[in-house]
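Colleague:
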Ligand code: NAD
Ligand code: TYD
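In our numbering, the protein residues as written are 1 to 368.
(1) Indicate the three-state DSSP secondary structure (helix, strand or coil) for residue 131 in the structure shown.
(2) Spatial neighbours of residue 70 within its chain, please: CB distance less than 8 Å, with the 5 preceding and 5 following residues excluded, ordered by chain position.
(3) Please say whether residue 310 and residue 268 have beta carbons closer to each other than 7 Å?
(4) Quick test of the definition: if touching needs 3 or more C-beta pairs under 8 Å, does the stretch 95-112 touch the stretch 131-142?
(5) Using 8 Å as the Cβ pair cut-off and three pairs as the minimum, do the stretch 118-137 and the stretch 172-183 touch?
(6) Count Cβ pairs between the stretch 235-247 and the stretch 60-67 that sit closer than 8 Å; are there 3 or more?
(7) Going by beta carbon distance, what residues of the same chain come within less than 8 Å of residue 232, once the five residues before and after it are set aside?
(8) Give the straight-line distance between the Cα atoms of residue 32 and residue 367, rounded to the nearest whole angstrom.
(9) Quick check on DSSP: helix, strand or coil for residue 355?
(10) Any heavy atom of the ligand NAD closer than 6 Å to the CB of residue 86?
(11) Hey, would you say residue 227 sits closer than 7 Å to residue 285, going by beta carbons?
(12) Less than 6 Å between the CB of residue 206 and some heavy atom of the ligand NAD, yes or no?
(13) Can you tell me which of the three DSSP states residue 20 falls into?
(14) Out of 104, 225, 229, 320, point me to the one whose CA is closest to residue 145's CA.
(15) Counting pairs of Cβ atoms below 8 Å between the stretch 207-220 and the stretch 158-165, do you hit three or more?
(16) At the level of alpha carbons, what is the spacing between residue 200 and residue 266?
(17) Tell me the DSSP bridge mates of residue 265?
(18) Have a look at residue 234 and residue 273 and give me their C-alpha separation to the nearest angstrom.
(19) By a C-beta neighbour count over all protein chains shown, 10 Å radius and 16 as the cutoff for buried, is residue 135 buried or exposed?
(20) Kindly identify the DSSP beta-bridge partner or partners of residue 293.
(21) What separation, rounded to the nearest whole angstrom, lies between the Cα atoms of residue 372 and residue 170?
(22) Specify the secondary structure class of residue 273 as computed by DSSP and reduced to three states.
(23) Name, in chain order, the residues that DSSP records as bridge partners for residue 243.
(24) Quick one: measure Cβ to Cβ for residue 323 and residue 247, integer angstroms, because I've assumed they're closer than 8 Å.
(25) Measure how close the beta-carbons of residue 60 and residue 85 come, nearest whole angstrom, since I'm counting them as under 8 Å.
(26) Report whether the distance from the Cβ of residue 215 to the nearest heavy atom of the ligand TYD is below 6 Å.
Rendered as C-alpha cells:
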C-alpha cells in the first residue's frame, strides 16, 4: 500500500507525446475495484501481456475486495495499491495525476445483496461513477473504460433464441442492474456533453478463479467441497451465458486499446446454460448426486434469460472467447477452488457468515 506522496513519486516520469494512442493509454492506468474478482484477474493479465504498463489499483476493500487476489504481483514495481473510495473526489484528484486511462470495475456487484439493501449500490455504482467521471475530466484523462453488465438490458423470454445487442433498450429489473444502467447513462452523458473519450463494455456472467462464493458457481462448488447442499432458486430453469473471466478481461483490454470513442461493446461467452444444467454439471464433476440439490424460494424479480450478441466486438476488434467452453472451462474452475481451500475458507468467514444466514437461513425450502 502507498501513501499519496509515495504514489506521486512512483508515478513521476516522462509523459509520452505523439506516439500511438494505444501506447500512451497503456503507459499509466488507474484500475478501480482491482482487488475484486474481475479487476484482480484484469491487473494480472495486464502486467503479463503489457510489459510497459504501470498500474494503480484503487479499491475501497469492501466485503468483496481482497488483496490476497493479487498477492503474486504486489511486489511488482509496475504495480501500486491505494485503498480508497471512488466517491472520494479529493483522493481521485491525487491518484489520477499522470494517469492516461481509467478502467472502472469498482462496484457493488451482487443482485441478492441489492435486494437486501440497495443503498450501497446507488452510492458506489451511481455516485461513485459520476464522481470518477468528473475527476477524470478535471485530470485530463484520455480514455475512460466503463465495465458494465448484460443485466442492464433486463430479461429475455426463456425459450427464445434472441440475444441482446448494443441497441437493445435498457430495462433493468434489480436494484443492482438499475444502478449499473444509471452508471452507463452517466458515462454516455460525459461523452455527449463534455467530450470525454469513453467506451462501455457489457458482459455476461463470469466464472473463474478468485470469484467470491456469494455468486452461484463458487458458492455451489465450495458448498459441495464442504459436503453441504446447494440452494437452487425456484425451478432452476433460468438461463445465464457463462464466460471465463480471462476472456472477459481480454475483451476489456481490446476495447480499452482499440474501441471507438463513445461506443458500447457487448461481451458474451456463447455458452448459455440453465441453472439446473449448471448444477448437474457441477454435481457430475464433483462426484455428487442429486440429493445435494436444495430447492429454495425464488429470487424476487429473477431475470429469466440473458444472452449476448457479441458480433460487434468480434467484427471490429477481432476478439474471440478462448477459455469459456464447457466442460473444460468449468472443470478447471472447480479444480482451482479444490486447490485453494485457504482462499475460499477465509472468504467464507466473518461477514460472509452473517450474509449467508440472512440470505439462506430463513429461506423457504421447496419440494424436491
Ligand atoms: P466484485 O464484487 O468481486 O469486486 C468489486 C470490487 O470493487 C471490490 O474489490 C470492492 O472492494 C470494490 N469496490 C466496491 N465499491 C467501491 C468503492 N465505492 N470504491 C472503490 N472500490 C470499491 O465484483 P466483480 O464481479 O469483480 O465485478 C467487477 C465489475 O464487473 C462490476 O462493475 C460488475 O458490475 C461488472 N460485471 C461483473 C460480472 C460478473 O459476472 N461478476 C459480469 C459483468 C460485469
Ligand atoms: P449469480 O451468480 O448471483 O449471478 P446473476 O444473478 O448476476 O446472474 O446467479 C446466477 C444464477 O444462479 C441466477 O439465475 C440466480 C441463480 N442462483 C441460485 O439458484 N442460487 C444461489 O444461491 C445463487 C447465488 C444464484
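No residue lacks a Cβ here, since even glycine has one placed at the ideal position from N, Cα and C.
Bear in mind that the values here come from a model prediction, so they are computed numbers and not experimental data.
Modeller: Quick look at the numbers:
(1) Position 131 of the chain shown holds residue 131. Of the three classes helix, strand and coil, the one that applies to residue 131 here is helix, per DSSP.
(2) As a working mapping, residue 70 is identified with position 70 in the chain shown. Excluding sequence neighbours, residue 70 sits near 34, 35, 40, 43, 44, 57, 79, 81.
(3) Counting from 1 along the chain shown, the entry for residue 268 is found at position 268. Counting from 1 along the chain shown, the entry for residue 310 is found at position 310. Contact: yes.
(4) Yes: at least three Cβ pairs fall under 8 Å.
(5) yes
(6) Segments in contact, no.
(7) Numbered from its first residue, the chain shown carries residue 232 at position 232. Excluding sequence neighbours, residue 232 sits near 275, 276, 279, 293, 294, 295, 296.
(8) Translated into positions along the chain shown, residue 32 becomes position 32. Translated into positions along the chain shown, residue 367 becomes position 367. If I take the Cα positions, the gap works out to 43 Å.
(9) Residue mapping note: residue 355 aligns to position 355 of the chain shown, counting from 1. Collapsing the DSSP output to three states places residue 355 in a helix.
(10) By one-based count along the chain shown, residue 86 stands at place 86. Indeed, a heavy atom of the ligand NAD lies less than 6 Å from the Cβ.
(11) Along the chain shown, read from residue 1 onward, the residue named residue 227 stands at position 227. Along the chain shown, read from residue 1 onward, the residue named residue 285 stands at position 285. No, the Cβ-Cβ distance between residue 227 and residue 285 is not below 7 Å.
(12) Taking the chain shown and counting its residues from 1, the one referred to as residue 206 is at position 206. Yes, Cβ of residue 206 sits closer than 6 Å to a heavy atom of the ligand NAD.
(13) For the purposes of this step, residue 20 is taken as residue 20 along the chain shown, with counting starting at 1. Note on residue 20: pLDDT 41, under 50, position unreliable in the model; the coordinate value appears next. Reduced to three states, the DSSP call for residue 20 is coil.
(14) Working through the chain shown from its first residue, we reach residue 145 at position 145. Answer by Cα proximity: 104.
(15) The answer is no - the stretch 158-165 does not touch the stretch 207-220, with fewer than three Cβ pairs under 8 Å.
(16) Taking the chain shown and counting its residues from 1, the one referred to as residue 200 is at position 200. Taking the chain shown and counting its residues from 1, the one referred to as residue 266 is at position 266. Near 9 Å, if we compare the C-alpha coordinates of residue 266 and residue 200.
(17) Here residue 265 corresponds to residue number 265 of the chain shown, with the count starting at 1. DSSP, once it has assigned bridges, lists 201 as partnering residue 265.
(18) For this step, residue 234 is matched to residue 234 along the chain shown. For this step, residue 273 is matched to residue 273 along the chain shown. Using only the alpha carbons, I get a separation of about 16 Å.
(19) Residue 135 sits at position 135 when you count from the first residue of the chain shown. Residue 135 comes out buried.
(20) By 1-based counting over the chain shown, the position of residue 293 is 293. Note: residue 293 sits in a beta bridge opposite 230.
(21) What is shown of the chain runs 1 to 368, which leaves residue 372 out entirely.
(22) Here the question's residue 273 lines up with position 273 in the chain shown. Of the three classes helix, strand and coil, the one that applies to residue 273 here is strand, per DSSP.
(23) To locate residue 243, count along the chain shown from 1; it is residue 243. Its beta-bridge partners are 206.
(24) Position 323 of the chain shown, counted from the first residue, corresponds to residue 323. Position 247 of the chain shown, counted from the first residue, corresponds to residue 247. Correct: roughly 6 Å between the Cβ atoms.
(25) As a working note, residue 60 is residue 60 in the chain shown. As a working note, residue 85 is residue 85 in the chain shown. With 8 Å as the limit, residue 60 and residue 85 qualify as a contact, their Cβ atoms being about 5 Å apart.
(26) Against the chain shown, residue 215 aligns to sequence position 215. Yes; taking the cut-off as 6 Å, the Cβ of residue 215 has a heavy atom of the ligand TYD nearer than that.
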